[in-house]
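Engineer:
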Amino acid sequence: MALKFCATNSGLQLNSSHAFSSSLKPKPLVSLKSHISFKSFRNQRHLKICQSSLVDEQQQETSFSDAENQLIDALIGIQGRGRSASPRQLNDVEQAVKFLEGLGGVPDPTSSSLIEGRWQLMFTTRPGTASPIQRTFVGVDFFSVFQEVYLRTNDPRVSNIVRFSDAIGELKVEAAASIKDGKRILFQFDEAAFSFKFLPFKVPYPVPFRLLGDEAKGWLDTTYLSSSGNLRISRGNKCRAPHLSCKRKPNLGKSFYQPFQLEREL
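Read left to right, the sequence shown gives residues 1 to 266 (the UniProt record's numbering).
1) On a Cα-Cα basis, can you pick out the residue from Thr110, Asn237, Gly169 that is closest to Phe198?
2) Decide if Phe209 is buried, meaning its Cβ has at least 16 other Cβ atoms within 10 Å, or exposed.
3) Using a threshold of 8 angstroms, state whether the C-beta atoms of Arg184 and Trp219 are closer than that.
4) Rounded to the nearest angstrom, what separates Asn154 and Ile179 at their Cα positions?
5) With distances taken between CB atoms, is the gap from Leu171 to Phe189 smaller than 8 angstroms?
6) Under 8 angstroms by Cβ, that's how I've got Leu103 and Ala74 pegged, so tell me the actual separation to the nearest angstrom.
7) Nearest by alpha-carbon distance to Val207: which of Gln70, Lys98, Ala175, Asp92 is it?
8) Leaving out five residues on either side along the sequence, give the residues of the same chain with a beta carbon under 7 angstroms from the beta carbon of residue 273.
9) Give me, in chain order, the residues of the same chain whose beta-carbon lies closer than 6 angstroms to that of Glu191; leave out the 5 immediate sequence neighbours on both sides.
10) Any idea what DSSP makes of Leu220, helix, strand or coil?
11) Quick one: what's got a C-beta closer than 6 angstroms to Ala216's C-beta in the same chain, skipping five residues either side?
12) Roughly how many angstroms separate the alpha carbons of Ser52 and Gly117, rounded to a whole number?
13) If you reduce the DSSP assignment to three classes, tell me which class Ser195 lands in.
14) Nearest CA to the CA of Ser228: which residue from Ser144, Leu114, Gln120?
15) Give the secondary structure of Leu151 by DSSP, where H, G and I count as helix, E and B as strand, and everything else as coil.
16) Buried or exposed: which applies to Phe201, given that a residue is buried once 16 or more other Cβ atoms fall within 10 Å of its Cβ?
17) Which residue wins for smallest C-alpha separation from Asn91, given the options Gln70, Ser165, Asn160?
18) Cβ atoms of Glu148 and Ile233: under 8 angstroms apart, would you say?
19) Under a three-way DSSP split, which group does Ile179 fall into?
20) Is the beta carbon of Pro109 closer than 8 angstroms to that of Leu225?
21) Looking at the secondary structure, which residues open and close the beta strand (DSSP E) in which Gly117 lies?
22) If you check the beta carbons only, do Ser144 and Gln120 fall under 8 angstroms apart?
23) Pick from Tyr150, Leu211, Val97, Asn237: whose alpha carbon is nearest that of Asp221?
24) Hey, quick one: how far does the alpha helix (DSSP H) through Asn91 stretch, first residue to last?
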């Protein structure tokens with residue numbers, strides 16, 4: 001489900017030779033909003049959200065609950081979006097995730113506007129089980145990995161994005177999406193392309209989605225969405241790991257946020 005390259009987030013899976021594989025026991029994806037700035041979580045238990053337009057600039061603070069802070073604490077010291085995690089660290093993360101899932105969060109999250117927007121991937125537990133392209137991108141802190149969820153449009157989409165840098169460009173893998181129920185999003189990959197800053201056109205990523213049939217299809221369950229809309233946990237049939245991401249709302253205008261890695265800035 002969540003691109004292991006989501007889906008929080010965030011969450012769909014891609015491989016040029018064998019693009020998708022199912023998981024008997026879906027793993028969680030953890031996501032955070034991308035217009036937030038982590039300063040010092042050891043001494044400061046809140047997020048500073050910075051919004052800006054050409055006319056004015058606003059700031060607001062959003063707090064995490066104690067249970068959400070337990071998950072954040074469990075992620076401290078883990079590098080490479082989970083690549084360096086020890087068995088004990090993985091267990092701590094999974095226990096914190098299960099506790100939040102037990103709390104429930106926002107009811108029927110797929111019906112909530114809080115799920116919409118761009119989520120920046122911060123953590124995945126098992127990058128080693130991903131496809132070669134996923135292993136290359138997910139475990140490298142230099143790259144930024146996002147998932148976009150837009151369900152309230154005439155063309156609902158879930159997209160997974162790897163941004164190499166502002167100067168180079170990005171890879172975007174897109175899927176047509178639909179809502180099955182209050183928790184589940186159905187999707188089917190249909191296109192992918194590189195967008196390079198130095199080229200005036202997109203370069204198709206060579207995956208024959210139409211020939212993949214059911215292998216290009218998947219589902220994504222949101223098992224926890226915080227009332228603030230800053231934290232999301234998801235599970236799906238294409239997902240093998242929890243992800244931690246940040247979300248940028250489409251209606252906030254130009255947002256400024258400081259790129260961060262949990263293990264470095266918390």
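Here a beta-carbon is modelled for each residue, glycine too, at the ideal position from N, C-alpha and C. From a predicted model like this one, the values you see are computed outputs, not experimental measurements.
Structural biologist: Let's see:
1) For the residues Thr110, Asn237, Gly169, the minimum Cα distance to Phe198 belongs to Gly169.
2) Result: buried.
3) In contact: Arg184 and Trp219 (Cβ atoms closer than 8 angstroms).
4) Those two C-alpha atoms are separated by around 13 angstroms.
5) With a cutoff of 8 angstroms on beta-carbon distance, Leu171 and Phe189 are scored as not near each other.
6) No, Leu103 and Ala74 are not in contact; Cβ-Cβ is about 16 angstroms, not under 8 angstroms.
7) By alpha-carbon distance to Val207, the top candidate from Gln70, Lys98, Ala175, Asp92 is Ala175.
8) Any question about residue 273 goes unanswered here, given that the chain covers just 1 to 266.
9) For Glu191, where only same-chain residues beyond five positions count, the Cβ hits under 6 angstroms are Glu174.
10) In the structure shown, Leu220 sits in a strand (DSSP, three-state: E or B).
11) Cβ-Cβ distances below 6 angstroms link Ala216 to Gln188, Phe189, Phe209 in the same chain, with the five nearest sequence neighbours on each side left out; the list follows chain order.
12) Its pLDDT being 28, under 50, Ser52 is placed unreliably in this model, and the value from its coordinates should be taken loosely. Distance between the alpha carbons of Ser52 and Gly117 is about 17 angstroms.
13) Strand.
14) Nearest option by C-alpha distance: Leu114.
15) Coil, per DSSP.
16) Exposed is the call here.
17) In terms of Cα proximity to Asn91, the closest of Gln70, Ser165, Asn160 is Gln70.
18) In this structure, Glu148 does not lie closer than 8 angstroms to Ile233 by Cβ.
19) Collapsing the DSSP output to three states places Ile179 in a strand.
20) Contact: yes.
21) Where Gly117 is concerned, the enclosing beta strand (DSSP E) starts and stops at 117 to 121.
22) Taking 8 angstroms as the Cβ cut-off, Ser144 and Gln120 qualify as a contacting pair.
23) With distances taken between Cα atoms, Asp221 lies closest to Asn237.
24) Boundaries of the alpha helix (DSSP H) harbouring Asn91: 87 to 103, taken from the DSSP string.
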